[in-house]
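Residue numbers (the numbering used here): 729 to 1075.
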């Protein structure tokens, strides 16, 4: 509880970790029944004593994750759609001797024998709100390698995931797309004291997501960053849930709005201010030009209305448009004010 994720450790049993290699570090952690740990707490060094205890652990490994494509990012509707291939694996320590009869090839899980086996991988849940059953395939399998029996669960297909979008900086906004897997159903059905149900990502997950970052076909968005992290939390009923989250940070391509909205608006404002060079006695020409410019600005306000939902906040583009209204109205008020003095004082 005190050594949260990100805490910097200084020593374990007076061993300076900055001078300890990985192999010795593993040995130090695994072979110590108790330890004194020094860690940094802001600018001070604290020391605590910890002791190990036996516990049951169920490791569910996200062995591979292939993000084939993000089909749609419907920011207005609040969801995005992905086409993915996800493979979970876990070591079946309860099938040791029997596993030797499996060849190196994976045996399908729909075999009559395997149907009788309990399948905890099927209870890992992808947080989603819609999936196309005709485009989803699920395959279970068993294989034996390195004197260990493994079970696999592969899910491939298209699914839709809800997401909360922040439009305050639209059209220069960045959005974080969360793909979450949790083991809530598994824990609630198999909860025992001192049991850890953990979901751990394999290195292939990071490799494939990095590949997708550089090789995707998104047109309106650009993938800027990718994160993978796990959150282990305790519920009110002492259930410990693990949630593995894949985060894709995407940035909207703002060039469309710069070239087709912002620059034309600035051009319209330039036209609106040029009326100040029209002779002051031609009031009708001045007003006609200014009002046409103002109506053009109002029309541009409807160009991007279908892109984002109707919000109770002003986005960056909303502020720019409203400010352009103000600057477009200044020449109109100036023309009306000067019209009182045209006949009285031509100069």
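Beta carbons are placed, not taken as given, at the ideal position from N, Cα and C, and that holds for glycine.
Scanning its chain for C-beta atoms nearer than 6 Å, with the 5 sequence neighbours on each side dropped, one finds around residue 1006 the residues 1013 and 1014, in chain order. If you look at residue 1026, you'll find it in the alpha helix (DSSP H) that goes 1011–1028. The residue among 821, 800 and 1023 with its C-alpha nearest the C-alpha of residue 993 is 1023. With at least 16 other beta carbons inside 10 angstroms of its own, residue 868 counts as buried. Of the residues 1062, 1028 and 849, the one whose Cα lies closest to the Cα of residue 917 is 849. With contacts defined by Cβ atoms closer than 8 Å, residue 914 and residue 790 do not form a contacting pair. Rounded to whole angstroms, the Cβ separation of residue 865 and residue 834 is 15 Å, and the two are not in contact under 8 Å. Relative to residue 872, the option among 764, 761, 828 and 738 whose CA is nearest is 828. As a beta-bridge residue in DSSP terms, residue 969 pairs with 961. Taking 8 Å as the cut-off, the beta carbon of residue 886 is found no closer than this to the beta carbon of residue 838. Put simply, the stretch 1021–1035 touches the stretch 980–998. At least three CB pairs are less than 8 Å apart. Assignment of residue 905 by DSSP, reduced to helix, strand and coil, places it in the strand class.
Excluding the 5 residues flanking it on each side, residue 779 has same chain C-beta neighbours closer than 7 Å at 761 and 762, in chain order. Proximity of the stretch 745–764 to the stretch 885–902 falls short of the contact definition, fewer than three beta-carbon pairs being nearer than 8 Å.
A check of alpha carbon separations from residue 975 across 805, 823 and 940 identifies 940 as the nearest. Residue 808 places its beta carbon 8 Å or farther from that of residue 924. Under the 10 Å beta carbon count, residue 1034 is surrounded by fewer than 16 other beta carbons and is classified as exposed. 8 Å or more divides the Cβ of residue 739 from the Cβ of residue 731. With respect to the C-alpha of residue 982, the residue from 947, 1001 and 1000 having the closest C-alpha is 947. Look at residue 820 here: in three-state DSSP terms it is coil, with no helix or strand label. By the criterion of a C-beta distance shorter than 7 Å, residue 1052 is surrounded in its chain by 993, 997 and 1025, once the five residues flanking it on both sides are discounted. Less than 8 Å divides the Cβ of residue 792 from the Cβ of residue 936. Beta-bridge pairing by DSSP links residue 813 to 794 and 884.
In this structure, residue 825 keeps its C-beta atom at 8 Å or more from the C-beta atom of residue 878. Here the alpha carbon of residue 1065 sits roughly 11 Å from the alpha carbon of residue 1011. In chain order, 893 place their CB closer than 6 Å to the CB of residue 803, counting only its own chain and leaving out the 5 sequence neighbours on each side.
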